[in-house]
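These notes concern the structure reproduced below.
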Amino acid sequence: MKSPSFIALSHWTAAFVSALLALWLFWFAAAQQIQSLYQLHYSAIQQMLASDLTGDTKILTRQLSSSFDLPYLKVSQLDGVVLHEQSNTMPAHTLGSWILLQFNRPLTAASIKDQPHNLQVEFLPALSEQLSTLELFSVFLFFGILLLGVLPYYLQPGRPKKLKALPPHPIEAAVQQAPSVVQQFQPQANNSGTDYLLELALYDQLTSLPNRQQFVRYYEQQLKAANAVYQSVFLLVRCQSLAQINHKQGYLAGDLYIKEMADLLKQLPQLSDESPLFRLNNTDFCVLFPQMSTEQTEELVILLQQNFDAYQQQKQLDSVALTGLVQVAQGKPLGELLAMADTALGLAKTKQSKVTKQSNLWYLFTDTQDQTADSSFSTKNWRTLIDDVLQGQRLTLLAQPIQGLNKTSKTYSELLVRFRSSEDQLLPTALFLDMAQKLDKLIEIEQMIVEQALSLVAKHPGQSFGLNLSAHAVQDEGFISYLERRLLKETELTPRLVFEISEWGLQQNLKLSKRLIDMLHQCGSRVTVEKFGAGITSFKFFRDLKPDFVKMDGSYTRQIEEDKNNQYFVRLMVDLAHRIGVVVFAENVETAAEKQMLESLLIDGIQGYFLGKPAPLE
88 MKSPSFIALS
98 HWTAAFVSAL
108 LALWLFWFAA
118 AQQIQSLYQL
128 HYSAIQQMLA
138 SDLTGDTKIL
148 TRQLSSSFDL
158 PYLKVSQLDG
168 VVLHEQSNTM
178 PAHTLGSWIL
188 LQFNRPLTAA
198 SIKDQPHNLQ
208 VEFLPALSEQ
218 LSTLELFSVF
228 LFFGILLLGV
238 LPYYLQPGRP
248 KKLKALPPHP
258 IEAAVQQAPS
268 VVQQFQPQAN
278 NSGTDYLLEL
288 ALYDQLTSLP
298 NRQQFVRYYE
308 QQLKAANAVY
318 QSVFLLVRCQ
328 SLAQINHKQG
338 YLAGDLYIKE
348 MADLLKQLPQ
358 LSDESPLFRL
368 NNTDFCVLFP
378 QMSTEQTEEL
388 VILLQQNFDA
398 YQQQKQLDSV
408 ALTGLVQVAQ
418 GKPLGELLAM
428 ADTALGLAKT
438 KQSKVTKQSN
448 LWYLFTDTQD
458 QTADSSFSTK
468 NWRTLIDDVL
478 QGQRLTLLAQ
488 PIQGLNKTSK
498 TYSELLVRFR
508 SSEDQLLPTA
518 LFLDMAQKLD
528 KLIEIEQMIV
538 EQALSLVAKH
548 PGQSFGLNLS
558 AHAVQDEGFI
568 SYLERRLLKE
578 TELTPRLVFE
588 ISEWGLQQNL
598 KLSKRLIDML
608 HQCGSRVTVE
618 KFGAGITSFK
628 FFRDLKPDFV
638 KMDGSYTRQI
648 EEDKNNQYFV
658 RLMVDLAHRI
668 GVVVFAENVE
678 TAAEKQMLES
688 LLIDGIQGYF
698 LGKPAPLE
C-alpha cells in the first residue's frame, strides 16, 4: 500500500510536469507570434525600400521613423558607412529575452540589404508590451496549473490511501485551457496572408456569401454535370431600394439593408449545398435550383413576396426587392441566362408600375418566352426610355465636396449624375447605365454627361469639379478621341476638371489607360483613381500611370477606428502614395470617429455624408 507522502509527491510531480508542459507550449506560441511581428515589419520596410524613387536617405529615414515605432533603427551604406542611427531606451526583459533565446529567437536587430539603393537597414521592433505580457502570463500560467494540480489532494476529506479513489484530476483540463491563455497574448491576426486574399477574392465581405466569381465557377461545374441544369430555375433578386437608402440615410444604412436582405434570403428552406446563395454584385443575389417543379417555384415566390412585404412594413420602405426567375429546359451559356434574368426583372418592374398599391413583385421568364412580344417589349421599353433621356437632356448634376485635412491639400467637388424620365421620375442610376451599355447607348450618355459638366464648370469660376468616367468609356477609343477634342476646345475649363476612373477600369487595358491619362494631363486636367485598394494592384502600376489623386475604397473607411488591419493598410498606402507624389482621399466618411482616425493616418482629404450630401450647386 502506498503511503500518503508518496501520493502527495506524485501529485506534486504530475502538477509540476503539467505546468512545465503548458508553459513550454505557451512559450512556443509566444515566440512564433513575436517572430511574425519581425516578419511584418521586415516586409513593410522592404516594400518601402523597393518603392523609393527619390534616393534621398534623409527622406527615407524620416519615412521609416514616422511609419514605425522602432526602439532601434540604423541606416548605413553596404560598405559600412553609417548614415543614420537612433536608439531609444527599452526596459529590460531578462525573463522574456531568455525565453525567446531558448526557441532560437534572440532579441537582436533584423537586417535588410537593398542592393539597388546601396543601403542596409537594421531595426528592432517595439516589443515591450509583448514581452511584459509574456513574462506576466508565464508566472500566472506556471503557478496556476501547479496550484490546480495539488489543491484537490489537500482539500480531499480523509485523503484516500488508494490512487483509484482520488477524484478526477484537473491537470489535464488546465493544460487544455493553456491555448486560451496564449490567445490573449496573441496580437490581432494578420489578414494579409494568402487566406485573407482568397477570402477577399471569392467571398463578399459584407454578407459572407460567395461572390460572382464563385458563381461563375459553380455554374460551369453545373453545366458539366449530367442533367444538372435540366428543367432548372434561376432566381435573381434585386434590392432596388439600395440607392434610395444610400442617398437619404447614408452608406451605413445601405450596408445594413443589404446584410438584412442577405439574412432574409439565407432563411429560404429551398436552399441547399447544391443550391447555395450568391451575391452577384452590389444589389443582386442569385440562386440556381437544378431541379424545381412549377409548384415548387410558385411556393418559393409566394414565400419571398411575403417575407419582402413583412420587411417593407417593418422598415417603412416604398419597396424592398424585385424578383426575376428564369425557367430553362436545358443548360444555357451564363451570359444568355443573366440576360434573360435581367429581362424578367424589367418585366417585374413594368408589372409593378402598372399595379397600384403593390410592390416587391416577381416575374417568371421561361424558355419559350425568349423571343416573345413581352421580351421585345421590355427591351423596347428601355430603349425608348434611354432615347427620351438623350433627346430631352434629362439629367441633373449634383456636387459632393471633398474636404482637405491639411493646408496644402488641393481638393474639388465630385459631380454625381441623376437621370429623370419624361414624367420627372428619378431613375435608378446604376440600372440605367447598365441597360444603356447593354443597348449600346452608354457612349452617347457619357458624352451628354461631359457636355453638361462643361456647362456647369463654366458657370462656377474658381471651383474645381470631379467627373466620373465609366470603365466601358475609358476603354473606348472613339470616346477618348471625342473627349480630347472637347477638352482642347475648353482650355480655360480643363485645369478645373478632375476625371475619376475606377482602379478596375484602368486595369482592363493598361496601354490605353496610360494613353488616356497622358492625354488628360496634356490638356491640363487631372486624374483620380477611385475605388483604390478594392483590387490587388502593384504600386508600379500607379507609378507608370501617374495619377494625381487616389481615392481609397469605402470598405477601408467604414468603422476604421475599430479595424487595426485597415488602419495599418491605409497608413502604409498613404506613405507610399506620398513618396510618388500622389494625393490620397478617403470616401464614404460618415462619423466623427472615422474622420479623426483618417486624419491621424495623414489622409489628405475626406468625402462622405458626415461632411455633406450630394446637392445641387444652384
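Our numbering numbers the first residue of the sequence shown as 88 and each following residue consecutively. Note that beta-carbon positions come from the ideal geometry of N, C-alpha and C, so glycine has one too. In this text the structure is predicted, and so the values were computed from the model without any measurement.
Closest in C-alpha terms to A196, from the list M639, K161, D156, S295, comes K161.
Distance check between Q646 and each of A679, E617, D631 places A679 closest, using alpha-carbon atoms only. Inter-segment contact for the region 296-305 and the region 382-391 is absent: fewer than three beta-carbon pairs are separated by less than 8 Å. Selection M660, I567, F372 evaluated against D605 yields I567 as nearest (Cα-Cα).
Beta-bridge partners of I199 (DSSP): V208. Taking one beta carbon from each stretch, the region 502-514 and the region 317-324 have fewer than 3 pairs nearer than 8 Å; the two do not touch.
Looking at the backbone, the Cα of L704 and that of L543 are separated by about 9 Å. Only buried fits E587, as 16 or more other CB atoms lie within 10 angstroms of its CB. R481 sits in coil when the DSSP states are folded into three classes, being neither helix nor strand. For I588, no alpha helix (DSSP H) encloses it; the enclosing beta strand (DSSP E) starts and ends at 584-589. The alpha carbon of D166 has as its nearest neighbour, out of V208, A340, T181, L187, the alpha carbon of V208. When C-alpha distances from L151 are compared across Q173, Q487, E510, the shortest belongs to Q173. Scanning the region 498-536 for uninterrupted alpha helix (DSSP H) segments of 4 residues or longer gives 516-525, listed from N- to C-terminal end. Inclusion of L482 and Q539 in the CB contact set at 9 Å is warranted, their separation being smaller than that value. I489 is positioned such that its CB atom lies closer than 9 Å to that of I693. Contact check for L296 against F372 passes: the beta carbons are separated by less than 9 Å.
Pairwise C-beta distances place the region 525-541 in contact with the region 561-579, as three or more of them are shorter than 8 Å. With a cut-off of 8 Å on Cβ pairs, the region 418-428 is not in contact with the region 327-340, counting fewer than three such pairs.
Residue pairing for G491: DSSP places it in a beta bridge opposite G692. Distance from the CA of R583 to the CA of K618, rounded to the nearest whole angstrom, comes to 22 Å. Inclusion of D631 and T615 in the CB contact set at 9 Å is not warranted, their separation being larger than that value.
For V561, the enclosing alpha helix (DSSP H) stretches over residues 558-561. Taking C-beta atoms as the reference points, S163 and L206 count as a pair closer than 9 Å.
Bounds of the beta strand (DSSP E) holding K161 are 159-164. At a Cβ-Cβ threshold of 9 Å, H204 and L157 do not count as neighbours. Closest in C-alpha terms to G620, from the list L599, S642, K633, comes S642. Residues of the same chain with a CB within less than 7 Å of the CB of A545, apart from the 5 flanking positions on each side, are L580 in chain order. The residue among Q189, S687, L412, F672 with its C-alpha nearest the C-alpha of E648 is S687. The beta carbon of K700 lies closer than 8 Å to those of H334, Q487 in the same chain, with the five residues before and after it left out. Within the same chain, I489, T498, T615, F636, V637, K638, M639, I690, D691, G692, I693, Q694 come within 8 Å of F672 by CB-CB distance, once the 5 residues on both sides are set aside.
Rounded to the nearest angstrom, the gap between the Cα atoms of Q202 and R573 is 48 Å. DSSP, reduced to helix, strand and coil, places R470 within a helical segment of the structure shown.
If you look at K682, you'll find it in the alpha helix (DSSP H) that goes 679-687. DSSP places K638 within a strand segment (E or B) once states are collapsed to three. Cβ-Cβ separation between Q309 and L211: approximately 55 Å, too far for a contact (criterion under 8 Å). Spatial neighbours of Q133 in its own chain (CB-CB distance under 7 Å, excluding positions within 5 residues in sequence) are listed in chain order as I199.
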